[in-house]
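Here is the structure we will look at.
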Amino acid sequence: MNASLISRFQLNTSIQLLVDALFIEQWHFNVSYPSFYEQCAPTYCHYTVNEHNNALHVVSQILGLYGGLTECFYIQTAIYSPASF
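Residue numbering for the sequence shown follows the numbering used here, beginning at 272 and increasing consecutively.
This is how it looks when you write it as structure tokens:
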């Protein structure tokens with residue numbers, strides 16, 4: 272390390288401290304959202320929607336909801352009336 276260079280870190284700074292600071296001497300924020308959107312604006316946008324409304328999906332969702340509610344009510348019952356278990 273050259274001692275003549277200006278740094279916010281001391282010469283005896285630990286490696287862990289340097290790693291924690293990501294070896295960054297000074298952080299400059301230059302945020303320009305308009306220029307970001309000008310550079311990154313897509314000329315064409317395409318997306319796909321996957322719908323899961325077939326019978327098997329609906330049945331599995333209902334069974335999952337039933338199982339979750341059953342477990343939730345079982346836990347609540349065990350908490351509020353411990354003598355019955």
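Even for Gly, the Cβ is constructed at its ideal location relative to N, Cα and C. What you are looking at is a predicted structure, and each value in this text was computed from that prediction instead of being measured.
Can you tell me the Cβ-Cβ gap for residue 280 and residue 289, rounded? I've got them flagged as a contact below 8 Å. Working through the sequence shown from its first residue, we reach residue 280 at position 9. Working through the sequence shown from its first residue, we reach residue 289 at position 18. Going by Cβ atoms, the distance from residue 280 to residue 289 rounds to 7 Å, so yes, they are a contact pair.
Continuous alpha helix (DSSP H) stretch holding residue 277: start and end: Position 6 of the sequence shown, counted from the start, is the residue given in the question as residue 277. Looking at the DSSP string, residue 277 is not in any alpha helix (DSSP H), and its letter there is neither H nor E.
Does DSSP put residue 305 in a helix, a strand or coil? The residue you call residue 305 lines up with position 34 of the sequence shown. Residue 305 falls in the helix class under three-state DSSP.
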